[in-house]
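Inspection log for the structure reproduced underneath, given as structure tokens.
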Amino acid sequence: MEPVESVEPLEKTRPSHTVSPLGLDRPVPHLNPVRARAHFLEGENVSPSEVRPPILDSWQRSRFFGVDADRIQAPYNADFDPHSRLATAARPVLDRLSDALQGTPMCLILTDSKGRVRERRTGDRALHRYLDDICLAPGFSYAEEYVGTNGIGTAAEDGRTAQVFGSEHFSERLQRVSCAAAPIRNPVSGRVLGLVDLTSWQHTASPLMVALVREAAADIEERLLDLGSERERAALRAFLTSRQSSRRALVTLTDGLLLADAAATEMLGPADHRRLRELATDATGLREQRMLLSDGRTVQLRGRRVEGDQPGGNPAAYLIELRLIAEQDESVLPRPVVRVPRLAGISGSSPVFRGAVAQLIRHCEQGRWTLVVGEAGTGKHALVRAVHRQVAPTAPIGVHDAADARGGAAPWLQAVFRDLAEDRGTVVLRHLDLLPAHVLGQLDGVLRTTAGRSGWVAALLTQDRPTLPGAGTDALPGAGAAAASRQPDPVDAVRARFEAEVTVPPLRHRTADIPALVTCLISRHGGDSADVRCTDGALRALSRAPWPGNVRQLEGSLRYAEAHRTGPLIEDSDLPPSLLSQTQHPLSAWESTERDLIIQSLLDHGGDKARAAKALGISRATIYRKITAYGIRVGPENG
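Under the working numbering, residues 124 to 762 are what the sequence shown spells out, in order.
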């Protein structure tokens, strides 16, 4: 290829201070990205003192994607609607900015949300030819996963404005240019629709580029709002108007959007959102009625259609007002703060655990059939029995373990039916996850037949921790294998028979409860050794452990320690060696929860990181960083 005569040498040969044609000085960053990139590509560690942290994060993603540092391999797709809302809204803004930049060595670019170039405008012929040479042209994708660190791809990954100077690019071919890009968002939903980018020669880059792309993105977003369909404008107007006049929590539903005020956001969970959509689309769902929330509270709904541009046609949206119903008198008063009583034999004062206890007590008092879910060893059975003793100490309790059905399902089902039909006391169904599909179907029939009983029914369902352990990390299956293995869950039919669902948190989500649990468990198993206790070092080790086996594993570890102690004090050296080997990098309760959510989302989406990130409401950049930080190992099919 013939060299382009106006292309300047690479940044490292330039003076440390230049003047751009726009009249703004651009100081070279007080870093050394050239040397840092060389070290990075050689596999050496790079510190934030050598390169900006966002650039280092992007380099790591680029390496994760397997981007070639020496070649540009941008895929091409010319399928683009020039009359789309994004293109229509952007055109006048691009026209105005192009006129302002006329005569400067800068290129103005519009892309879609995936970083695919849809429009490019430049008045500099040499820059135009060079951008063609590096495939920064209409139809080509400049997503990070294809070309590495660059303004467009990095802004798309991070979801915010990004500026990348010449030598900060991952690809050698891009180091002659600098660029800045800003995301263009749907003004209502906040979803990224596209990006606007300015690209220049690396030695003429200016801080003004960031300000220009931000202003251009804001102008395009304003025009998008003006160009919004009448249905969308009607939905937004109805929501804003009702917020001024209504004292209730407010939700507006459209085909692809849910708008909620602060009160509704606090009140509703994801499962409640789905239920609201079902009610709204039901022909009779908008009349005043009650809805049971996923946390066990009840709300009164009042909804109406928001007419679109054709009265009598499909509605533009559904506007729903919600108010909480007090448990005793169904008044409009806020839910009173209830002190959660201490349960005999149960330890735990963390908010997440006390919340589960409060829900179970409330459901037991109301005789509301409850599905109690949680990982193995969390103490679901002990907790349900303690709640029964607290609420109805003189009433009978019948416990039916599904493990007993292995020897014959018919006798077990008959015993369950007899207890349910007596219509008094509490019935507990343990280990529903052990029942085969055909027995679950028969149990569903028993539950349907006895659905009117007034006593409390609690079914216990073990849900394993969402991990596949391997060499100290969590390995996720490939997308193809995961998708192929997914089958309808036979538990779902039985689950529908229960009015409420309560999750007992795993021990790693309530590590603040460990000292109290240790005291309780030692006193339970310590016999006449009343002085036995853990040293501070042992308690620290116990509090830092991941506890995949939950309270049951903690109990077993304490029994081991009691058998190996040489005095009244349990030292950290008395604990199981396998436990100590897992405590080098402890996670907080929040980090542990976040890690579990990421793993579960990856499992739910077959290991597809982009879809998992979207479901969690985070960027792909964030999920890659978390995967590395938490040691989550993704199967080979998923890169």
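Where is the CB? At the ideal position from N, CA and C, for every residue including glycine.
The beta-carbon separation of Val569 and Phe540, rounded to 5 angstroms, stays under the 8 angstroms limit for a contact.
The Cβ-Cβ distance between Thr549 and Gly578 falls below 7 angstroms.
In the same chain as Val429, and ignoring 5 residues on each side of it, the C-beta atoms closer than 8 angstroms to its own belong to Ala357, Ala358, Ala361, Thr375, Pro438, Ala439, Ala440, Tyr441, Leu442, in chain order. DSSP places Glu167 outside both helix and strand once states are collapsed to three, so it counts as coil. A Cβ-Cβ separation of about 5 angstroms places Gly672 in contact with Gly500 under the 8 angstroms criterion. Three or more beta-carbon pairs separated by less than 8 angstroms link the stretch 274 to 293 to the stretch 159 to 178, which places the two stretches in contact. Going by beta carbons, Ala303 and Met332 fall inside the 7 angstroms limit.
Shown here for Ala387: same chain residues with a beta carbon closer than 8 angstroms to its own, the five before and five after excluded, namely Ala372, Leu373, Val374, Leu445 in chain order.
DSSP places Ile307 outside any alpha helix (DSSP H); the residue lies instead in the beta strand (DSSP E), whose first and last residues are 300 to 308.
Checking the DSSP bridge columns, you'll see Glu242 partnered with Leu233. Straight through space, the alpha carbons of Asp695 and Gly660 are spaced by roughly 6 angstroms. Sorting Ser221, Thr322, Pro215 by C-alpha distance to the C-alpha of Glu345 places Pro215 at the top. Around the beta carbon of Ser365, 16 or more other beta carbons sit within 10 angstroms, so the residue counts as buried. In this structure the stretch 685 to 695 does not touch the stretch 723 to 737; the number of beta carbon pairs closer than 8 angstroms is below three. With at least 16 other beta carbons inside 10 angstroms of its own, Gly730 counts as buried.
In this structure, DSSP gives Tyr265 a state outside helix and strand, which the three-state scheme calls coil. Inclusion of Tyr253 and Ala197 in the CB contact set at 7 angstroms is not warranted, their separation being larger than that value. By the Cβ test, the stretch 159 to 167 is not in contact with the stretch 225 to 240, since fewer than three Cβ pairs between them sit closer than 8 angstroms. The three-state reading of DSSP puts Arg620 in coil, since its state is none of H, G, I, E or B. Counting along the chain, His504 sits inside the alpha helix (DSSP H) bounded by residues 503 to 514.
Gly530 has no beta-bridge partner at all, per DSSP.
Apart from sequence neighbours up to five positions away, the residues of its chain that approach Arg400 with a beta-carbon distance below 7 angstroms are Leu376, ordered along the chain. The DSSP-derived three-state label of Tyr747 is helix. Annotation for Arg219: the continuous alpha helix (DSSP H) segment containing it runs 208 to 223. A straight-line Cα-Cα distance of about 18 angstroms links Ser666 and Val655. Comparing alpha carbon positions, the residue from Thr658, Ile307, Gln183, Ala161 closest to Arg208 is Ile307. In the three-state reduction of the DSSP assignment, Ala357 falls in the helix class. Taking a contact as a CB-CB distance under 8 angstroms, the pair Arg620 and Ala668 does not count as one, their CB atoms being some 37 angstroms apart.
If you check the CB distance, Pro638 and Leu662 come in under 7 angstroms. Between the alpha carbons of Val507 and Ile721 lies a gap of roughly 29 angstroms.
Taking a C-beta distance under 7 angstroms as the contact criterion, Asp320 and Ser473 do not qualify as a contact pair. In the three-state DSSP reduction, His523 falls in the strand class (E or B). Contact check for Val190 and Gly271: beta-carbon distance about 4 angstroms, within the 8 angstroms limit, so the pair qualifies. Straight across, the Cα-Cα distance linking Ala744 with Pro699 is about 38 angstroms. Close CB contacts of Cys643 within its chain, under the 7 angstroms cut and outside five residues either way in sequence, are with Ser470 (chain order).
Annotation: Val475 to Ile343 spans about 44 angstroms, alpha carbon to alpha carbon.
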